[in-house]
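K.L.:
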């Protein structure tokens with residue numbers, strides 16, 4: 012059994028680890044927040060304080076992960092036209108239409124949460140929104156909040172037309 016400074020803080024056993032482009036059935040030991048060892052038999056690195064997790068074939072994917080989130084925007088979406096639980100154009104349009112009908116006095120239809128996977132090439136067009144709400148501006152950011160789906164009325168209010176140049180580091184589609 013591992014002891015003192017040699018013992019792992021965490022030992023992940025029986026998992027599948029992606030190494031050099033292929034999956035390997037190995038264990039992984041973590042010490043001081045870093046991977047200390049990867050191998051078939053790492054039980055010798057388990058000390059009395061080691062947290063041992065049996066993975067039963069589940070994956071371990073060591074990597075740097077960015078927990079990039081937009082909590083304020085997500086919270087606002089949940090109280091506006093929330094599209095996060097939907098995945099089809101028809102579902103989106105039903106939700107947008109219902110939201111707009113429930114509050115006809117609201118000047119803009121705002122909210123968001125649509126998925127790029129729901130549209131060819133990841134890009135929705137203004138046409139379906141124009142048919143649904145031709146005179147009321149619509150502004151709906153996607154799930155990652157880096158793109159927005161708008162109708163022609165919103166583009167008109169923003170002064171955007173076919174001759175408008177793309178913004179720096181962006182594009183109008």
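Residue numbers (my numbering): 12 to 184.
We treat Cβ as the ideally placed atom computed from N, Cα and C, and that holds for glycine.
Please work out which residues of its chain come closer than 8 Å, Cβ to Cβ, to residue 146, disregarding the five sequence neighbours upstream and downstream, and give them in chain order.
P.N.:
Taking the first residue of the chain shown as 1, we reach residue 146 at position 135. Same-chain partners within the cutoff: 164.
K.L.:
Under the assumption that residue 138 contacts residue 98 (Cβ atoms under 8 Å), give the Cβ distance between them as a whole number of angstroms.
P.N.:
The sequence position of residue 138 within the chain shown is 127, counting from 1. The sequence position of residue 98 within the chain shown is 87, counting from 1. The pair is not a contact, with the Cβ atoms about 19 Å apart (cut-off 8 Å).
K.L.:
Could you compute how far the alpha carbon of residue 120 sits from the alpha carbon of residue 92?
P.N.:
Here residue 120 is taken as the residue at index 109 of the chain shown, counted from 1. Here residue 92 is taken as the residue at index 81 of the chain shown, counted from 1. When rounded, the distance between both Cα atoms is 7 Å.
K.L.:
Run through the DSSP bridge pairs and tell me what residue 167 is partnered with.
P.N.:
Here residue 167 refers to the residue found at position 156 when the chain shown is read from its first residue. None, per the DSSP bridge assignment.
K.L.:
Looking only at its chain, what residues have a beta carbon closer than 8 Å to the beta carbon of residue 68, apart from the 5 residues adjacent to it on each side?
P.N.:
By 1-based counting over the chain shown, the position of residue 68 is 57. Taken in chain order, the residues that qualify are 25, 26, 27 and 36.
K.L.:
Out of 34, 140, 123 and 171, which has the shortest C-alpha to C-alpha gap to residue 90?
P.N.:
The residue given as residue 90 occupies position 79 in the chain shown. It is 123.
K.L.:
Can you tell me which of the three DSSP states residue 40 falls into?
P.N.:
In the chain shown, the residue the question calls residue 40 occupies position 29. Reduced to three states, the DSSP call for residue 40 is strand.
K.L.:
Check whether the Cβ of residue 182 sits closer than 7 Å to any heavy atom of the ligand ATP, and report yes or no.
P.N.:
Absence of the ligand ATP is noted for the structure shown, with no ligands found whatsoever.
K.L.:
Ignoring anything shorter than 3 residues or poking outside the stretch 123–174, list the beta strand (DSSP E) runs there in chain order.
P.N.:
DSSP runs (the beta strand (DSSP E)) wholly in the stretch 123–174: 149–152 and 159–161.
K.L.:
How should residue 34 be labelled, buried or exposed, when 16 other C-beta atoms within 10 angstroms of its C-beta is the threshold for buried?
P.N.:
In the chain shown, residue 34 corresponds to position 23, counting from 1. Exposed.
K.L.:
When DSSP builds the beta bridges, which residues end up paired with residue 116?
P.N.:
Looking up residue 116 in the chain shown gives position 105. According to DSSP, which records beta bridges pairwise, residue 116 is partnered with nothing at all.
K.L.:
If we call anything under 8 Å between Cβ atoms a contact, is residue 148 one with residue 162?
P.N.:
Reading the chain shown from its first residue, position 137 is the one you call residue 148. Reading the chain shown from its first residue, position 151 is the one you call residue 162. Going by C-beta atoms, residue 148 is nearer than 8 Å to residue 162.
K.L.:
Determine the DSSP secondary structure at residue 12, reduced to helix, strand or coil.
P.N.:
Within the chain shown, residue 12 is the residue found at index 1, counting from 1. In this prediction, residue 12 has a pLDDT of 49, which is less than 50 and means its spatial position is unreliable; what the coordinates show is noted afterwards. The answer is coil: DSSP assigns residue 12 none of H, G, I, E or B.
K.L.:
Have a look at the DSSP bridge pairing and note the partners of residue 94.
P.N.:
Indexing the chain shown from 1 puts residue 94 at position 83. Answer by DSSP bridge pairing: none, since residue 94 is not bridged.
K.L.:
Return the residue from the list 132, 84, 140 and 58 that minimises the CA-CA distance to residue 111.
P.N.:
As a working note, residue 111 is residue 100 in the chain shown. Taking only the C-alpha atoms, the option nearest residue 111 is 140.
K.L.:
Would you kindly work out how many angstroms separate the C-alpha atoms of residue 157 and residue 104, rounded to a whole number?
P.N.:
By 1-based counting over the chain shown, the position of residue 157 is 146. By 1-based counting over the chain shown, the position of residue 104 is 93. Going from the Cα of residue 157 to the Cα of residue 104 covers about 21 Å.
K.L.:
How far does the alpha helix (DSSP H) with residue 88 in it extend, from its first residue to its last?
P.N.:
Counting from one through the chain shown, the residue named residue 88 turns up at place 77. Taken as a continuous stretch (DSSP letters only), the alpha helix (DSSP H) holding residue 88 covers 82–89.
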